[in-house]
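Protein sequences, first through last, are from chains A and B. Residue 103 in our numbering is what sits at position 103 of the first sequence, and the numbering runs on without skipping anything. Numbers in our numbering are just positions in the second sequence, counted from 1, shifted up by 415. We put the CB at the ideal spot given by N, CA and C, even for glycine. Here the structure is a predicted model, which means the values were calculated and not measured. Below is one structure, written out as structure tokens; the observations come after it.
2 protein chains.
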Amino acid sequence: MTTQEILHKAKGCCGALAVADTDQKNRALLAMADALIDNTDAILQANSADMDAAKDTLSPSMLDRLALTAQRIEAMAEGIRQVAALPDPVGRILSQIQRPNGMVIERRSVPMGVVAIIYESRPNVTSDAAALAVKSGNACVLRSGKDAFRSANAIVNALQLGLSQIGLPAELVQLVQDTSRESARELMTAVGYVDLLIPRGGAGLIRNCIENARVPCIQTGTGICHIFVDKTADQAMALDILENAKTSRPSVCNAMEVCLVHQDIAKEFLPKLHKRLVTDRENQPVELRLDSAAADIIPGKTAEPQDFDTEFLDYILAVGVVEDIQQAMEHISRHSTGHSEAILTQDEKNAGAFTRQIDSAAVYVNCSTRFTDGGEFGLGCEMGISTQKLHARGPMGLEELCSYKYVIRGTGQIR
Amino acid sequence: MTTQEILHKAKGCCGALAVADTDQKNRALLAMADALIDNTDAILQANSADMDAAKDTLSPSMLDRLALTAQRIEAMAEGIRQVAALPDPVGRILSQIQRPNGMVIERRSVPMGVVAIIYESRPNVTSDAAALAVKSGNACVLRSGKDAFRSANAIVNALQLGLSQIGLPAELVQLVQDTSRESARELMTAVGYVDLLIPRGGAGLIRNCIENARVPCIQTGTGICHIFVDKTADQAMALDILENAKTSRPSVCNAMEVCLVHQDIAKEFLPKLHKRLVTDRENQPVELRLDSAAADIIPGKTAEPQDFDTEFLDYILAVGVVEDIQQAMEHISRHSTGHSEAILTQDEKNAGAFTRQIDSAAVYVNCSTRFTDGGEFGLGCEMGISTQKLHARGPMGLEELCSYKYVIRGTGQIR
Chain A
1 MTTQEILHKA KGCCGALAVA DTDQKNRALL AMADALIDNT DAILQANSAD MDAAKDTLSP
61 SMLDRLALTA QRIEAMAEGI RQVAALPDPV GRILSQIQRP NGMVIERRSV PMGVVAIIYE
121 SRPNVTSDAA ALAVKSGNAC VLRSGKDAFR SANAIVNALQ LGLSQIGLPA ELVQLVQDTS
181 RESARELMTA VGYVDLLIPR GGAGLIRNCI ENARVPCIQT GTGICHIFVD KTADQAMALD
241 ILENAKTSRP SVCNAMEVCL VHQDIAKEFL PKLHKRLVTD RENQPVELRL DSAAADIIPG
301 KTAEPQDFDT EFLDYILAVG VVEDIQQAME HISRHSTGHS EAILTQDEKN AGAFTRQIDS
361 AAVYVNCSTR FTDGGEFGLG CEMGISTQKL HARGPMGLEE LCSYKYVIRG TGQIR
Chain B
416 MTTQEILHKA KGCCGALAVA DTDQKNRALL AMADALIDNT DAILQANSAD MDAAKDTLSP
476 SMLDRLALTA QRIEAMAEGI RQVAALPDPV GRILSQIQRP NGMVIERRSV PMGVVAIIYE
536 SRPNVTSDAA ALAVKSGNAC VLRSGKDAFR SANAIVNALQ LGLSQIGLPA ELVQLVQDTS
596 RESARELMTA VGYVDLLIPR GGAGLIRNCI ENARVPCIQT GTGICHIFVD KTADQAMALD
656 ILENAKTSRP SVCNAMEVCL VHQDIAKEFL PKLHKRLVTD RENQPVELRL DSAAADIIPG
716 KTAEPQDFDT EFLDYILAVG VVEDIQQAME HISRHSTGHS EAILTQDEKN AGAFTRQIDS
776 AAVYVNCSTR FTDGGEFGLG CEMGISTQKL HARGPMGLEE LCSYKYVIRG TGQIR
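Rendered as structure tokens:
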């Protein structure tokens with residue numbers, strides 16, 4: 001099927017899901033989960049073909065992302081069941097007023113319609129995204145990266161069996177059958193067919209969508225996350241937080257990339273930081289890239305200017321010394337990608353200034369930036385992390401996959 | 416100043432307004448209103464130059480939109496004062512939860528940052544848009560149409576005086592000094608400088624923005640609004656509503672363009688409709704464009720297929736006969752622009768089906784589509800009517816000019 005045909009089918013059937021009740025959607029999700037398990041063999045076979053084809057071109061960590069096992073498929077099914085257990089985001093009455101003329105105006109949450117997701121090589125995104133779309137009443141059109149195509153296709157085939165079993169159109173979850181750049185472009189420009197486009201992947205994909213999308217699109221992902229260690233910070237706490245934010249999972253967008261330290265404590269604190277992140281971590285030391293003031297105090301590479309504008313996604317940290325909170329906030333405003341930033345301080349006034357003035361999706365006081373995540377925020381799930389300000393900001397859960405409409409009831413009112 | 420310089424200044428000063436308190440913003444608005452009045456002469460002079468330049472090219476109704484009088488300037492000032500009286504949309508706590516690990520996660524409304532508005536020839540949009548932007552904590556970059564440029568410039572000069580008087584940067588409200596297509600394109604592609612772009616104007620402008628915008632953009636405006644007269648409709652009420660929806664102000668986007676009538680009442684109802692909209696309106700009869708079933712019953716032009724896809728913005732109405740509510744909803748789904756649709760019925764089941772299934776910003780039961788308006792919805796004001804589903808749908812008031820951020824306070828939590 002061509003991408004055009006897939007979009008046409010999605011548009012044609014999304015109404016069926018928009019008016020489905022919660023029970024029907026949950027039964028669909030449970031059937032999708034069961035179908036994944038029932039089709040484990042077919043999925044593993046497809047995944048093994050993907051792995052074979054990619055083994056010479058992908059890095060070991062990318063291959064690990066791509067690999068499926070029976071256990072990982074079970075985890076995907078469990079993820080779908082968890083989405084079934086979440087509250088239905090559709091049909092909530094967001095507000096209701098009666099106007100002086102007697103009209104009752106209700107704002108009611110409704111699905112977007114057709115949600116398109118362009119992603120890369122994690123096969124589990126296929127089932128995650130499909131589950132979130134179905135629960136929020138949206139048809140979804142998925143476009144996987146080339147490396148994961150066979151796996152994604154086998155997963156979608158299984159999910160479609162689940163949908164059909166409970167009498168919903170299989171076309172509610174579809175995979176674009178073409179992984180060329182052209183198919184991504186078709187989704188980006190499908191005005192009238194795609195109500196929301198979500199790119200999930202690296203900076204190149206996001207930039208491509210921003211440049212080329214004509215349909216409503218959410219900018220996700222890139223995180224150059226900063227942590228500012230104020231002069232009043234609890235230094236033991238700061239070391240725990242910095243180590244966690246940098247090393248607990250360096251490859252994700254909420255990991256810290258830049259640490260700024262107040263000059264009044266730099267001489268005392270930076271050697272402790274060096275010990276914690278470098279000396280104490282024999283097996284996996286963090287490479288520090290230091291501005292000149294920091295380099296005067298501790299050993300490490302000298303930072304190049306671009307090191308303060310780089311999402312390393314690795315055991316690398318840019319470290320700078322700042323005069324005060326004002327300079328820290330100015331640095332962050334210039335270099336942040338609007339994802340997550342933190343201040344570590346015991347000074348309530350500085351905490352307030354930081355949370356008011358820093359213009360990022362998540363602004364932290366005295367905890368790790370690693371918490372910017374749908375699950376950690378109590379949303380139960382996540383379709384991605386928005387780093388722009390339209391519609392959704394930060395982790396996008398089920399509610400963020402909905403729009404609303406006004407329903408107005410009258411008794412003959414005219415204007 | 417070039418558009419780039421204007422954008423740079425807007426970005427540089429929007430932080431000042433983002434942290435301004437309600438009182439300071441309201442004082443700024445009142446000073447802006449006073450400055451408009453104080454500068455009435457300069458504004459009228461500029462407007463008179465605009466009128467002279469446009470008198471041979473614009474239609475009388477367009478010239479009337481462009482014309483200012485001391486009274487209209489007073490009305491603009493009064494509009495600003497009304498915005499000052501509205502609740503502050505910034506700093507609302509949208510949700511607050513405590514996580515099991517003790518972190519408190521708060522979702523707090525914040526300004527967008529820089530809002531760009533591209534509009535056409537109504538000078539009053541200049542002060543309306545500026546007032547809404549300032550109240551919602553946003554810097555605004557305005558780009559007026561060529562015909563209204565001198566007027567808009569004089570208005571912005573006055574508004575800037577008001578801002579300066581209370582110590583806020585004048586650059587919070589700026590007018591692009593170039594009315595070429597190029598300046599519109601610069602706004603549309605100012606990634607990193609424009610947080611929200613709102614086009615206000617005709618279908619050509621909207622299409623241009625959708626085609627070319629790289630910054631987050633709201634699709635506004637075009638309204639091919641339908642009213643379906645069900646077989647159980649109160650026919651006297653229906654005639655009042657239809658006349659109001661078509662003739663009270665045909666040039667606006669919430670006016671009805673298409674009327675669909677249930678076949679069971681067509682023979683009885685269509686002659687009444689013809690009498691009300693044509694025969695009884697000697698001075699301003701509505702031109703009916705009839706599908707073949709309607710043409711068999713009442714006199715009128717035969718509709719061409721495109722008449723059911725046209726925003727007439729005039730005393731013209733396309734009329735069709737449908738078999739039942741299902742066919743009415745299918746017609747609307749195919750032809751609607753997602754603005755406003757109504758069902759006139761006494762059948763509660765049909766009212767429910769219509770409000771659930773029709774996918775438009777505003778769905779009415781037994782009242783006129785003309786109510787789709789920020790003021791009529793109790794929002795106090797409006798920046799435009801969104802006909803898309805991302806971020807805002809229907810009338811956009813102050814809350815829709817805001818985003819939110821997460822503020823997370825902890826005591827050393829790590830993940």
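Check whether the Cβ of residue i lies closer than 8 Å to any Cβ atom in chain A.
| i | result |
| --- | --- |
| Leu-820 (chain B) | Per the sequence shown, residue 820 (chain B) should be read as Lys rather than Leu. Cβ-Cβ to chain A under 8 Å: yes for Lys-820 (chain B). |
| Asn-781 (chain B) | yes |
| Arg-691 (chain B) | no |
| Phe-564 (chain B) | no |
| Arg-808 (chain B) | yes |
| Thr-770 (chain B) | yes |
Just the chain A side, please: which residues come within less than 8 Å of residue i by C-beta, in chain order?
| i | result |
| --- | --- |
| Asp-774 (chain B) | Gly-15, Ala-18, Val-110, Gly-113, Lys-405 |
| Val-393 (chain B) | Look at the range of chain B in this structure, 416 to 830, and you will see that residue 393 (chain B) is not part of it. |
Could you tell me whether the Cβ of residue i comes closer than 8 Å to any Cβ of chain B?
| i | result |
| --- | --- |
| Ser-248 (chain A) | yes |
| Val-194 (chain A) | no |
| Thr-310 (chain A) | no |
Would you list the one or two residues that DSSP bridges to residue i?
| i | result |
| --- | --- |
| His-226 (chain A) | A:Val-258, A:Glu-341 |
| Cys-817 (chain B) | B:Pro-526 |
| Arg-443 (chain A) | Nothing can be reported for residue 443 (chain A): it is not among the residues displayed for chain A, which extend from 1 to 415. |
| Gly-394 (chain A) | A:Ser-386 |
| Arg-409 (chain A) | A:Val-104, B:Val-780 |
Residue i touches chain A at which residues, Cβ-Cβ below 7 Å?
| i | result |
| --- | --- |
| Met-652 (chain B) | Gly-412 |
Mind listing the chain B neighbours of residue i? Cutoff is C-beta to C-beta under 7 Å, in chain order.
| i | result |
| --- | --- |
| Gln-388 (chain A) | Pro-631 |
| Asn-244 (chain A) | Ile-829, Arg-830 |
| Ile-423 (chain A) | Only positions 1 to 415 of chain A appear in the structure, and residue 423 (chain A) is not among them; the question remains open. |
Which residues of chain B have a Cβ atom closer than 8 Å to the Cβ of residue i, listed in chain order?
| i | result |
| --- | --- |
| Glu-376 (chain A) | Arg-514, Arg-830 |
| Arg-370 (chain A) | Ile-829, Arg-830 |
For residue i, would you say it is in contact with chain E, using Cβ-to-Cβ distances shorter than 8 Å as the test?
| i | result |
| --- | --- |
| Ala-33 (chain A) | Considering every chain present, this structure includes no chain E. Its protein chains are A and B. |
Using a Cβ-based criterion (distance less than 7 Å to any ligand heavy atom), does residue i qualify as near the ligand ZN?
| i | result |
| --- | --- |
| Thr-247 (chain A) | Only the bare structure without any ligand can be found here, which leaves the ligand ZN out of the picture. |
Exercise. For the segment 248-273 of chain A, list the beta strand (DSSP E) runs that are entirely contained and at least 3 residues long, ordered along the chain.
Key: 256-262
Exercise. Return the chain-ordered ranges of every beta strand (DSSP E) run that is complete within the segment 498-561 of chain B and spans a minimum of 3 residues.
Key: 508-513, 519-526, 529-533, 554-558
Quiz item: Between the segment 508-520 of chain B and chain A, which residues of the former have CB atoms less than 8 Å from a CB of the latter, in chain order?
Solution: Ile-512, Arg-514, Met-518, Ile-520
Practice problem: Let me know the beta strand (DSSP E) ranges lying completely inside the segment 170-227 of chain A, each 3 residues or longer, listed in chain order. | Solution: 173-175, 196-199
Practice problem: Using a Cβ-Cβ cut-off of less than 9 Å, give me the residues of the segment 207-234 of chain A that come near chain B, in sequence order. | Solution: Ile-210, Glu-211, Asn-212, Ala-213, Arg-214, Val-215, Pro-216, Cys-217, Ile-218, Gln-219, Asp-234
Quiz prompt | In chain order, each alpha helix (DSSP H) run of at least 4 residues that lies wholly inside the segment 44-70 of chain A | solution = Listed in chain order, the complete alpha helix (DSSP H) runs (minimum 4 residues) inside the segment 44-70 of chain A are 60-66.
Self-check item: Where the segment 170-192 of chain A meets chain B: residues whose CB sits under 9 Å from a CB there
Solution: Val-191
Quiz item: Which runs of the alpha helix (DSSP H) spanning at least 4 residues fall entirely within the segment 418-442 of chain B, listed in chain order?
Solution: Whole alpha helix (DSSP H) segments, 4+ residues: 418-433.
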